[in-house]
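Asks: Handing you a structure now.
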Amino acid sequence: MSDKAFLSFFFKRLKLNSTGKYNDNFPYLSPCGREMNYIRCYDRPVVFQHVLDRHGNMIEYEDIETFTDDSSDHEQLSYGGLGCNLVTKFQPHLLHMSHKNGHVYHPTSDRTGGVGLVASKLAFWLSKNFICEPKDSSSPSHFMWKGTKHKLDNTWTNDIKWKDHLSKDMCT
Numbered sequence: 015m016s017d018k019a020f021l022s023f024f025f026k027r028l029k030l031n032s033t034g035k036y037n038d039n040f041p042y043l044s045p046c047g048r049e050m051n052y053i054r055c056y057d058r059p060v061v062f063q064h065v066l067d068r069h070g071n072m073i074e075y076e077d078i079e080t081f082t083d084d085s086s087d088h089e090q091l092s093y094g095g096l097g098c099n100l101v102t103k104f105q106p107h108l109l110h111m112s113h114k115n116g117h118v119y120h121p122t123s124d125r126t127g128g129v130g131l132v133a134s135k136l137a138f139w140l141s142k143n144f145i146c147e148p149k150d151s152s153s154p155s156h157f158m159w160k161g162t163k164h165k166l167d168n169t170w171t172n173d174i175k176w177k178d179h180l181s182k183d184m185c186t
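The sequence shown: position 6 = 20 (the numbering used here), numbered continuously.
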């Protein structure tokens with residue numbers, strides 16, 4: 015899909031399937047008039063692909079580790095391939111790395127289940143800023159962002175409905 019108008023329309027209407035129809039096989043949907051677009055995905059329908067600076071410009075992957083913009087916390091995570099048109103405020107202390115599956119997650123709208131997946135390429139660059147304390151810990155405890163060490167708060171994951179293959183015990 016490369017039509018930006020359609021992608022924007024599709025993602026802005028994306029939500030949990032609460033219709034009572036096909037919920038087990040299609041946990042998400044994007045209504046389009048009277049038509050329902052039922053959606054199934056391996057993990058999460060919202061996949062964050064880029065970090066944007068306070069001006070909406072993409073921060074290059076290789077610059078993430080050393081990014082030091084001293085402005086207040088205005089960075090955003092973009093998804094849907096639409097840059098600054100589909101974004102969630104980036105909250106570095108809320109990044110969650112699963113020690114079982116290696117995926118990185120970040121909160122997003124409750125409308126889509128409350129959690130988005132960080133794309134592998136972005137997760138690779140972000141993972142360089144994770145800190146494990148103690149060093150033999152199986153999960154990161156902190157995240158370094160713009161020169162500040164953020165203690166990770168994973169309490170937001172407690173109420174997430176994880177798929178069977180991505181169960182809570184895989185994401186603690």
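Every residue, glycine too, gets a C-beta built ideally from N, C-alpha and C.
(1) Thinking just about the alpha-carbon of each residue, which of Thr162, Phe40, Phe104, Lys142 is nearest to the one in Pro154?
(2) In whole angstroms, give me the CA-to-CA distance for Ser123 and Lys103.
(3) Check whether the Cβ atoms of His107 and Leu166 lie closer than 9 Å to each other.
(4) Mind checking who Ser92 pairs with in its DSSP beta bridge?
(5) Ordered along the chain, which non-local residues of its own chain (more than five positions away) have a Cβ less than 6 Å from that of Val60?
(6) Can you check which of these residues, Ser44, Lys26, Arg54, is closest to Asp38 by C-alpha distance?
(7) Mind checking which residues open and close the beta strand (DSSP E) that includes Lys165?
(8) Could you pull the start and end residues of the alpha helix (DSSP H) that Ser141 belongs to?
(9) Just the Cα atoms here: how many angstroms apart are Asn168 and Leu109?
(10) Taking only the alpha-carbon atoms, compute the straight-line gap between Thr162 and Glu89 and give it to the nearest angstrom.
(11) Mind checking which residues open and close the alpha helix (DSSP H) that includes Ser22?
Replies: Well, looking at it:
(1) For the purposes of this step, residue 154 is taken as the residue at position 140 of the sequence shown. Ranking Thr162, Phe40, Phe104, Lys142 by Cα distance to Pro154 puts Lys142 first.
(2) For the purposes of this step, residue 123 is taken as residue 109 along the sequence shown, with counting starting at 1. For the purposes of this step, residue 103 is taken as residue 89 along the sequence shown, with counting starting at 1. Computed Cα separation, rounded: 10 Å.
(3) Counting from one through the sequence shown, the residue named residue 107 turns up at place 93. Counting from one through the sequence shown, the residue named residue 166 turns up at place 152. Their beta carbons are under 9 Å apart, which means His107 touches Leu166 by this criterion.
(4) Numbered from its first residue, the sequence shown carries residue 92 at position 78. DSSP output for Ser92 lists His64, Val101 as bridge partner(s).
(5) Sequence index remark: in the sequence shown, residue 60 carries index 46 (1-based). The answer, listed in chain order, is Tyr93, Thr122, Thr126, Gly130.
(6) Numbered from 1 along the sequence shown, position 24 holds the residue referred to as residue 38. With distances taken between Cα atoms, Asp38 lies closest to Arg54.
(7) The residue you call residue 165 lines up with position 151 of the sequence shown. Looking at the DSSP string, the run of the beta strand (DSSP E) that includes Lys165 is 162-165.
(8) Against the sequence shown, residue 141 aligns to sequence position 127. Looking at the DSSP string, the run of the alpha helix (DSSP H) that includes Ser141 is 134-141.
(9) As a position in the sequence shown, residue 168 is number 154, starting the count at 1. As a position in the sequence shown, residue 109 is number 95, starting the count at 1. Computed Cα separation, rounded: 8 Å.
(10) For the purposes of this step, residue 162 is identified with residue 148 of the sequence shown, where counting begins at 1. For the purposes of this step, residue 89 is identified with residue 75 of the sequence shown, where counting begins at 1. Rounded to the nearest angstrom, the two C-alpha atoms are 14 Å apart.
(11) For the purposes of this step, residue 22 is taken as residue 8 along the sequence shown, with counting starting at 1. Element bounds for Ser22: 18-26.
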